[in-house]
Amino acid sequence: MAAVWQPPGHWSARCHTYNVRTMSHIALITLVVRDYDEALAFYTGALGFELVEDTDRGQGSRWVVVRPRGTGSGTGLLLARAAGAEQEASVGAQTGGRVGFFLHTEDFARDRARMLAAGVRFLEEPRHEPYGTVAVFEDLYGNRWDLLQPA
Numbered sequence: 076m077a078a079v080w081q082p083p084g085h086w087s088a089r090c091h092t093y094n095v096r097t098m099s100h101i102a103l104i105t106l107v108v109r110d111y112d113e114a115l116a117f118y119t120g121a122l123g124f125e126l127v128e129d130t131d132r133g134q135g136s137r138w139v140v141v142r143p144r145g146t147g148s149g150t151g152l153l154l155a156r157a158a159g160a161e162q163e164a165s166v167g168a169q170t171g172g173r174v175g176f177f178l179h180t181e182d183f184a185r186d187r188a189r190m191l192a193a194g195v196r197f198l199e200e201p202r203h204e205p206y207g208t209v210a211v212f213e214d215l216y217g218n219r220w221d222l223l224q225p226a
């Protein structure tokens, strides 16, 4: 039995027949940014991400995708420039002040030191939890991230 989505307010646990293997992974997560170039400079410079794609879509719109280096076909960030007041208001507040992004590392001390040298602002000192070593940092807009070396 699995929970199956129905119209709002109508969840049920019942068998279904679609093949769950048809969806293999989340490819992109949209991050609304103020400016393509300043976001690219932060994510590729301060965080060391790789630029996957930067395609002009006309009328000032671009398709800009970055992701951590060495992740192959892992989840990427689609950097989408805010269009209109509602989107502009969400820049830096897309997760309501909660940590919304989790950046795994194999060497916490090395990556934290590199990020600090690049001007990344950490909101706390590293802490050791049962799940690993972690510290919260902010991106250039104030979105909160965990830098995490899993245990």
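Heads up, the sequence shown is in the working numbering, so the first residue is 76 and it goes up one at a time. For every residue, glycine included, the Cβ atom is placed at its ideal position computed from N, Cα and C. Since this is a predicted model, take the numbers as computed values, not measurements.
For this session: Excluding the 5 residues preceding and the 5 following V107 in the sequence, name in chain order all residues of the same chain whose CB lies nearer than 7 Å to its CB.
Result: A155, A157, Q162, S165, V166 and Q169
Problem set entry | Anticipated Cβ contact below 8 Å, H73 with L152, distance rounded | Here the chain comprises residues numbered 76 to 226, so residue 73 is not present and cannot be evaluated.
Exercise. Across which residues does DSSP place I101 in a beta bridge pair?
Worked result: According to DSSP, I101 bridges with nothing at all.
Exercise. Cβ of N218 less than 9 Å from any chain D Cβ?
Worked result: You won't find chain D in this structure, because it holds only one protein chain.
Problem set entry | For T130, the residue or residues it bridges with in DSSP | W138
Exercise. Skipping 5 residues on each side, what residues in its chain have a beta carbon closer than 8 Å to that of R219?
Worked result: Shown here for R219: same chain residues with a beta carbon closer than 8 Å to its own, the five before and five after excluded, namely T170, G172, R173, V174, G175, F176, L198, V211, F212 and E213 in chain order.
Exercise. Going by DSSP, what residues sit across from R219 in a beta bridge?
Worked result: V174 and E213
For this session: Taking only the alpha-carbon atoms, compute the straight-line gap between A114 and R189 and give it to the nearest angstrom.
Result: 18 Å
For this session: Give every residue of the same chain whose Cβ lies closer than 8 Å to the Cβ of R202, excluding the five residues on either side of it in the sequence, and list them in chain order.
Result: T208, V209 and A210
Problem set entry | Beta carbon of T150 nearer than 9 Å to that of W138 | no
Problem set entry | Neighbour-count burial assignment, M76, 16 or more Cβ in a 10 Å radius | Residue placement at M76 is flagged as unreliable, the pLDDT there being 49, under the threshold of 50; the coordinate-derived value follows with that caveat. Under this definition M76 is an exposed residue.
For this session: Measure the beta-carbon distance from F124 to P143 and round it to whole angstroms, keeping in mind my assumption that it falls under 8 Å.
Result: 6 Å
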